[in-house]
């Protein structure tokens, strides 16, 4: 509902609900009690609620018809997607397109009629509502914890093994927090009754640098490019630990994917010795990486020319003005690498 309110730019004054257990509890004598989470949500946005009576299908026939319409038009065949959050955005876009059709009874399109309705809506509050549940979990010896009755397993970090950890659960993500309420790692949330596990290996990197022999038996080994795997297989235990420390540092400063890609790129240029890899990846900036690769190429006997990008552009402009462009380009072509 939060996504819908923000998408349409307002909040309806009154909303009708079925008796879903996550928003209301049915008490004796047909009384109802809103759940704490839904009560906070309702108060934040300021709308009124009306509930349908149990076993009274005639009260919600119009809603059931709309559910069937959207299922037939937007969910058949069953959609496939990577992230639920992205798919929900796409559904709202499809709904916007669908509103351009003419209303079956009233004059005008659904979109035109809705624009009139929107003028009467409540304004969105200045601060968005935090749609999250916070729970405390107990981790096992590997720093993992489970949700949904043990069906869904998520990782934290080695230092949180056999500990109690606060976890933030949103509709899309599961985020364990440290003692200062800072994010430890972030997982995509699982749904359904199938047993699933999400493992974020980045916090375990430093442990592998101290125990490099365990790397090959972890899930992170398979995430490395094949050339990096082959290089690590050929390293001694001490060398492997140093490379893993470099990967750890780069992953923390950018991401694991970028760090692994940078090492693979260096290996593709023939940079194999450990000292050169460490030097090349002392920074993740492209300029530093290109310079370091150029230096290594010089050591191997290649003809390398170095330029600052602005300086190279100026040289090209000057050469063109002086009628010397073809000669300058010929000089550049003689070099094995032109680094900028």
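In the working numbering, the protein residues as written are 45 to 384.
Heads up, the beta-carbon is just placed ideally off N, CA and C, and yes, glycines get one too.
Owing to the predicted nature of the structure, the values given are computational and were not obtained by experimental measurement.
Taking residue i as part of the beta strand (DSSP E), name the residues at either end of that continuous run.
i, result
"residue 180", "177–182"
"residue 293", "Premise fails: residue 293 lies in the alpha helix (DSSP H), 281–297, not in any beta strand (DSSP E)."
"residue 213", "208–213"
"residue 242", "240–242"
"residue 217", "217–221"
What does the Cβ neighbour count give for residue i, buried or exposed, with the cut at 16 atoms within 10 Å?
i, result
"residue 329", "Bear in mind that a pLDDT of 48 at residue 329, under 50, signals an unreliable position, so the model cannot answer this."
"residue 303", "buried"
"residue 292", "buried"
"residue 264", "buried"
"residue 183", "buried"
"residue 200", "buried"
"residue 98", "exposed"
"residue 257", "exposed"
"residue 373", "exposed"
Inspect the beta-carbon positions of residue i and residue j and report whether they are closer than 8 Å.
i, j, result
"residue 248", "residue 218", "no"
"residue 311", "residue 275", "yes"
"residue 27", "residue 215", "One cannot answer for residue 27 here, as it falls past the ends of the chain, which runs 45 to 384."
"residue 90", "residue 162", "no"
"residue 68", "residue 78", "yes"
"residue 288", "residue 262", "no"
"residue 118", "residue 136", "no"
"residue 246", "residue 300", "yes"
"residue 144", "residue 155", "yes"
"residue 286", "residue 175", "no"
"residue 95", "residue 63", "yes"
Quick one: grab the DSSP three-state call for residue i.
i, result
"residue 95", "strand"
"residue 55", "strand"
"residue 128", "helix"
"residue 76", "strand"
"residue 234", "coil"
"residue 381", "A caution first: residue 381 carries a pLDDT of 49, below 50, which makes its placement in the model unreliable, though a value can still be read off. Here residue 381 sits in strand by DSSP."
"residue 362", "helix"
"residue 227", "strand"
Does any heavy atom of the ligand FMN sit closer than 7 Å to the C-beta of residue i?
i, result
"residue 234", "Looking for the ligand FMN in the displayed structure turns up nothing, as the structure carries no ligands at all."
So residue i is in the alpha helix (DSSP H); what residue range does that whole segment cover?
i, result
"residue 84", "80–89"
"residue 71", "Where residue 71 is concerned, there is no enclosing alpha helix (DSSP H), given that its DSSP letter is neither H nor E."
"residue 302", "300–312"
"residue 275", "270–277"
"residue 254", "249–254"
Comparing the C-beta of residue i with each C-beta of chain C, is any distance below 8 Å?
i, result
"residue 272", "Of the protein chains in this structure there is only one, and it is not chain C."
Segments of 4+ residues assigned as alpha helix (DSSP H) that fall wholly inside the region 134–198: 154–162
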